[in-house]
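Heads up: the structure comes next, in structure tokens.
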Amino acid sequence: MQGRGRGEGAQARGEGGGRGAIAALDAVLRLHGRAGRRYGMNDKLIETFLDEAHELLDGLEDHLLELEKNPTDVESMNAAFRALHSIKGSASMFGFDAVGAFAHEVEAALDHFRSLSLPSTPELADAVLRSRDHIRALLDAPETASPEEREDLVATLTALSGKASKKDEGAKAVAAPRSIGQFTPGEFRTYRIKYKPSADTYRRGVKPESLIRELRKLGETSIRCDVHAVPPLSELDPESCYLSWTALLTTSMDAGTVRDVFIFEEGTSAVSIVELDQNDVIDGKEVRRLGEILAARSMSGESIRDALSRQHPIGEILVKELGASPAVVEDAIFEQQHAKNVVQAAREESERKTIRIRSDKLDALLNLVGELVTVQAQLSQTVKDSGDRHLHGISDYVKRLAGELRATSMELRLVPVESLFAKFKRLTRDLAKNLGKEIELRMEGGDTEIDKSVIDVLNDPLVHLVRNAADHGLEETAERERTGKPRIGTITLKAQHTGAFVRISVQEDGRGLDREKILGRAIERGIVAPDARLLEEEVDELIFKPGFSTADIVSNVSGRGVGLDVVKTAIDQLGGTLTVKSQLGKGTEFRLDIPLTLAIIDGFLVRSGSRNFVIPLSCVDSCFERERRNDPERLIVRGKDFIPYVSSRDLFGEDEEPPEREEIVIVSIFDSKLAIGFDQVLGGYQTVIKPIGEIARYVTGVSGAAILADGGIALILDVAALARAHKG
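Be aware that the sequence shown starts at 5, since it is given in the numbering used here, and climbs by one per residue.
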């Protein structure tokens, strides 16, 4: 059975919300012959279980994809095992016996490899990925989960476990280090590790930095590198190692596990591992003072008291004036700082708690904040008209509080784009397998934040773009090699902030758009006239026409002419723009520029005749006043720029006599500028975006409406649409 991508599962789960979750539960109960029983648990608890199970499945997928790339990654293997173990336990507790039983089989196979410290194999990763999809099916739509497939998967996993057993009988299990958040001095140990590689370390193929990274995986680690042995440049041998390291490691693991990190360095490099007495440095969960640490290191109490009584750093006094060993003092300071790091890390991890909130409650909160912003604007106007100075102060305070509440509530809705990008690891992997291509997915800017409602809408458009990139964009491996390209094709997902927008790009290093073929197909279908002369960017725009496709063969991935027009429609509905940049033989990039939020904006209020308009403040470049002209030019010159000009009266129609002077507002969005003439500029205005439904589809340049302080209505201008319509 073809595994579903994470995005598809999330979409299926999203339809119907809580009712879908309960329907899924009922189906599972019927599957086990227990229809109607709720196990004494309410619907909210069951919904919570389903949400957490899906999160665990998403994490499991990430860890398995990482194991495919790096089969010896112990951390990913342990994380995948823990995810399955959690799913098994929770499913059994909530009565999802089929899920619990199957998860147990998968967990057992994975644990076989894990306990024997064996690397993962492509067959294991593939089988567990398919098992992960089957578990999702049992949760979302039990009637589609084939028992035959389940039996086949169990047989495959059992066979793989059997092979693993023969590879290494009796190997010891490797326990995972405990989280530093559980730190208790009596249960954790601190080791001082001194590692001085031999001069020929690099020639032996050993990378000391990789050993340090392995050490960090065991717990909270502080590293100090000694560079004193590095000779002058004229005497330096680039193939020799002159560095040495001192590390302090606080971990739940024993000394043997720590020593195993350096197992291949024993006998060739100098490695010293000493367990320290933590009571010398930490009292309970408080770090001792430097003087107490030095006293524990056998320095006399009188010398320490003398040093503490002076107004200089204690370490400096002990070394310079009292003859203390610099190495002893330096080690004590190093231990004290490490102890502070451990205590702080433990405190932060134990305090790092989150609360799960339903998105509809966040929506309700943001709607209420939006209403508050509107009422606050009306209050400010009323107070201004009254002339009461006391009320004016109160009004300003309410305005400030409303602004802070608005900012905080909007931050609650912001989520990293990484949560969206992560879904495409599996999709890319499956596409590569289906298409017989070698594809690497790269992701940049995953920490860029955007409104969750925007994230939800972007899933399908990005799926279309990634599928097109893999199928149409990237060449076959043999073709890439013939043209001197790397065997592995690259798809890059990238996110970055650009003002009040987020730019998400999908880029591949494939064959690029064949504009001659695109134009020929467009002429063939009657989309453009045979004698049409189009610019390159106009030819590129043809691929967004409904039903347009240059594919000669329809595949199960793409080629039906459905996709890019859907992508463009979705982005337009978000108030964003979709552009394409391509170079033949080099690749293609699709850019999606999306507003950060769809709820509240800082605007620029303007008027034309009897109508008010709001321009998003982030798009306002500059404004100036001039004499109104009876026959205005189509271009305005500002410095070295020639900017297209349009009058708001021509755009939206206005019967009133215009004033003698005209206010020109220059708006810019991405690479485009437009000068719009208005009758009056009223200034900054924070407003709530109100949708105006189907009417917006028939009015170019309008994306919503706003309620003003006096109860009137202002139309919110879609600057991107206006800039496209009047491009010079």
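For each residue, glycine too, the CB sits at the ideal point set by N, CA and C.
Small disclaimer: the values here were computed from a predicted structure and weren't measured.
Simplified DSSP assignment, three categories, for residue i
i, result
"Arg491", "coil"
"Val275", "strand"
"Ile2", "As shown, the chain starts at 5 and ends at 732. That puts residue 2 outside it, with no answer to give."
"Arg362", "coil"
"Gly3", "Residue coverage of the chain in this structure runs from 5 to 732, which leaves residue 3 outside it and unanswerable."
"Ala499", "strand"
"Ile693", "coil"
"Lys738", "The chain is shown from 5 up to 732; residue 738 falls before or after that span and cannot be answered."
"Leu600", "coil"
"Leu326", "With a pLDDT of only 44 at Leu326, under the threshold of 50, the placement of this residue in the model should not be trusted; the figure read from the coordinates follows. DSSP places Leu326 in coil when its eight states are reduced to three."
"Ile680", "strand"
"Arg564", "The predicted position of Arg564 is uncertain, since its pLDDT is 44 and thus under 50; no value can be drawn from it."
"Arg507", "strand"
"Val532", "coil"
"Glu59", "helix"
"Val2", "In the structure as shown, the chain starts at 5 and stops at 732, and residue 2 therefore has no counterpart that could be examined."
"Thr704", "coil"
"Arg193", "strand"
"Leu538", "coil"
"Leu517", "coil"
"Thr581", "strand"
"Leu478", "coil"
"Gly551", "coil"
"Ser150", "coil"
"Arg207", "coil"
"Phe674", "coil"
CB of residue i within 8 Å of CB of residue j, strictly
i, j, result
"Pro123", "Thr76", "yes"
"Asn616", "Ala679", "no"
"Ala710", "Val618", "yes"
"Val377", "Ala406", "yes"
"Arg446", "Thr496", "yes"
"Val262", "Leu222", "yes"
"Gly688", "Glu658", "no"
"Asp475", "Thr494", "no"
"Glu111", "His89", "yes"
"Arg525", "Gly477", "no"
"Ile693", "Ile605", "yes"
"Leu424", "Ile459", "yes"
"Val592", "Leu538", "The sequence as given places Thr at residue 592; Val does not occur at that position. Cβ distance not < 8 Å, so Thr592 and Leu538 don't count as in contact."
"Thr4", "Thr125", "Since the first residue shown for the chain is 5 and the last is 732, residue 4 is missing from the structure and cannot be characterised."
"Ala95", "Ala107", "yes"
"Pro465", "Ile361", "no"
Residues near residue i in its chain [Cβ-Cβ closer than 8 Å; skip 5 each side]
i, result
"Glu540", "Arg519"
"Leu247", "Pro201, Pro212, Cys229, Asp230, Val231, Ala233, Val234"
"Gly271", "none"
"Leu369", "Ser413, Leu416"
"Phe338", "Ser226, Arg228, Thr250, Leu252"
Counterpart residues of residue i in DSSP-defined beta bridges
i, result
"Gln587", "Gly591"
"Glu270", "Ser273"
"Gly688", "Phe608"
"Ser226", "Leu252"
"Ala710", "Ala718"
"Glu512", "Ile495, Thr592"
"Leu741", "With the chain represented from 5 up to 732, any question about residue 741 goes unanswered, as that position is not in the structure."
"Leu770", "This structure leaves residue 770 out entirely; the chain is present only between 5 and 732."
"Leu280", "Thr194"
Proximal residues to residue i (C-beta, below 7 Å), its chain only, five neighbours per side dropped
i, result
"Leu416", "Leu366"
"Asp714", "Gln385"
"Arg728", "none"
"Asp734", "This structure does not reach residue 734, given that the chain is present from 5 up to 732, and the question cannot be answered."
"Ala149", "His138, Ala141, Leu142"
"Leu600", "Ile454, Asp455, Ala504, Phe505, Val506"
"Arg611", "Phe682, Asp683, Gln684, Leu686"
Same chain only: Cβ atoms within 6 Å of residue i, ignoring 5 sequence neighbours per side
i, result
"Lys498", "Glu448, Gly449, Ser509"
"Ala724", "Thr581, Ile673"
"Phe594", "Leu469, Val510, Val584"
"Glu444", "Ile492, Thr494"
"Leu712", "Ala718"
"Cys623", "Val671, Ile673, Val723"
(message) Going residue by residue through the region 614–672, where are the continuous beta strand (DSSP E) segments of at least 3 residues, counting only ones entirely within it?
(response) 615–620, 624–631, 639–642, 645–651
(message) So within the region 427–473, which uninterrupted beta strand (DSSP E) runs reach at least 3 residues, ignoring any that extend past its ends?
(response) 443–448, 453–455
(message) Please give the ranges of any beta strand (DSSP E) in the region 233–265, keeping only runs that are unbroken, at least 3 residues long and fully inside the region.
(response) 248–255
(request) Please go through the region 62–146 and give each complete alpha helix (DSSP H) segment of 4 or more residues, from N-terminal end onward. (result) 78–97, 101–119, 126–144
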